[in-house]
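So the structure is just underneath, and the comments pick up after that.
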Amino acid sequence: MKILAIESSCDETACAVVEDGRTVLSNVISSQADLHHLFGGVVPEIASRKHVEAIVPVLRSGLAEAGLSWPDIDCLAVTCGPGLVGALLVGVSFAKGLAQALNKPLIPVHHLAAHLAANYLNSPELEPPFMALIVSGGHSHIVLVKDYCDFEVLARTRDDAAGEAFDKISRALGLGYPGGPLIDAIAASGNPEAVAFPKTRLADHSLDFSFSGLKTAALNELNRQQLQADPEAVKQGRYDTRLADFCSSYQHAVVSELASHAVTACSALGVNRLALAGGVAANHGLRQLLSRLTVQNEISLFIPPVQLCTDNAAMVGAMACYCPQPPDLDSWDAQPSLDLEDWSREQTQAFIQRGRLAIS
Ligand code: KG4
Ligand code: ZN
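In my numbering, the protein residues as written are 4 to 363.
Now the structure itself:
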């Protein structure tokens, strides 16, 4: 089955064709990051307008790169939430129009479930159940994946998401958006133990994340050291040891919290497979630390290639393969605050109504 998928939840307009949920035939991404970089973060109004401009050329390229024409496509898929409402509506409205015009089925897909499904593209042997750490610009979840569409969220962030923790400190440094890749690159030449940042300890010993205390400590340290970065110099690889040490120590503090909670969740529930997903999964510090901790704890680790960690449509096509088809185009819409567990419950109900259980 060939699925043409569309993603437009934030600042990437993307289209991909995926075969049988596991093989990528094309994967086209038009990023607006350079534009939002000027403002230090994504400007929702600009994002919506840029999606409108990009969606037709991106779709044409997605189909052409796969070497296919419309009759070859069996099914369409689109990210329905969570995300920026205007941005989501561009993808969803366009996909609905296309489905109507082509008379093809259209599958709405949860953005975080799609991030997770990036792992299926790279590791065809991966099947539920397993544990997942999903870390993006808006979410930080530890999820027990019981079946393809059946999720239990074991931990969330209580304040900032991991990606925000990178983006906000990047902005304070004067580095711009998105901050994760910039801090990641600078951190590579620094000492992760140069600055001793506080470890977050939640009073109830839950596996939830909290980055606000760390962020305050980082802002205080920036002020104490009077540290500011020159983005142009950083682009050319020119920056001093103090900046590299700060970034390396800060990154280490963020990824240590993520990795230790994920491994603790696996050990506590006796789950021996862990999948990493979301934009922050591209972080080299997180990838290295999790590789080490999972070996020590005899857990198999699955990580998508870097280009499939950040927003793309191939992951949407991969996930759509496992989702039920809604009864009609009017029964659903873009949902900017769509919760993963709520979506999971809806999918299970839809499977039950069609006489097929998602839970084995
Ligand atoms: O998943 P994603 O592309 O979009 C959302 O769904 O939010 O994630 C974007 C987030 C941004 O906060 C960005 O700074 C972060 O992922 N990110 C990284 C890296 N690459 C992207 N964070 C840390 N290290 C990276 N290499
Ligand atoms: Zn994302």
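Note that the Cβ used here is the ideal one computed from N, Cα and C, for glycine as well.
| Asked | Found |
| --- | --- |
| Mind listing, in chain order, the residues whose beta carbon lies closer than 5 Å to a non-hydrogen atom of ligand 2? | 139, 314 |
| Please report the residue range of the alpha helix (DSSP H) in which residue 312 lies. | Element bounds for residue 312: n/a, residue is neither H nor E. |
| Please state whether DSSP places residue 63 in a helix, a strand or coil. | helix |
| Enumerated in chain order, which unbroken segments of the beta strand (DSSP E) with a length of 3 residues or greater are wholly contained in the stretch 47-102? | 78-84 |
| Indicate whether residue 24 and residue 324 have their beta-carbon atoms separated by less than 7 Å. | yes |
| On a Cα-Cα basis, can you pick out the residue from 136, 131, 83, 102 that is closest to residue 111? | 83 |
| Would residue 31 be called buried (16 or more neighbouring beta carbons within 10 Å of its own) or exposed? | buried |
| Is residue 222 near residue 262, with beta carbons less than 7 Å apart? | no |
| Rounded to whole angstroms, what's the CA-CA distance from residue 280 to residue 171? Just pull it up for me. | 21 Å |
| On the three-state DSSP scale, how would you describe residue 269? | helix |
| Report whether the distance from the Cβ of residue 46 to the nearest heavy atom of ligand 1 is below 6 Å. | no |
| With a threshold of 6 Å (Cβ to nearest heavy atom), would residue 12 be considered close to ligand 3? | Ligands in the displayed structure: ligand 1 and ligand 2; ligand 3 is not one of them. |
| Using only the heavy atoms of ligand 1, determine whether one of them is closer than 6 Å to the beta carbon of residue 169. | yes |
| In the DSSP assignment, find the alpha helix (DSSP H) that holds residue 169 and state where it starts and stops. | 165-176 |
| Just to check, is the beta-carbon of residue 182 closer than 6 Å to a non-hydrogen atom of ligand 1? | yes |
| Are the stretch 15-22 and the stretch 319-334 touching, with three or more C-beta to C-beta distances below 8 Å? | yes |
| So is residue 346 buried or exposed if we call it buried at 16+ other beta carbons inside 10 Å? | buried |
| Give every residue of the same chain whose Cβ lies closer than 6 Å to the Cβ of residue 361, excluding the five residues on either side of it in the sequence, and list them in chain order. | Low confidence applies here, because residue 361 scores a pLDDT of 40, under 50, leaving its location unreliable; read the following figure in that light. So the qualifying residues of the chain are 150, 152, 153, 351, 354. |
| If I follow the unbroken beta strand (DSSP E) through residue 322, where does it start and stop? | Residue 322 -> not in any beta strand (DSSP E); alpha helix (DSSP H) instead, spanning 317-323. |
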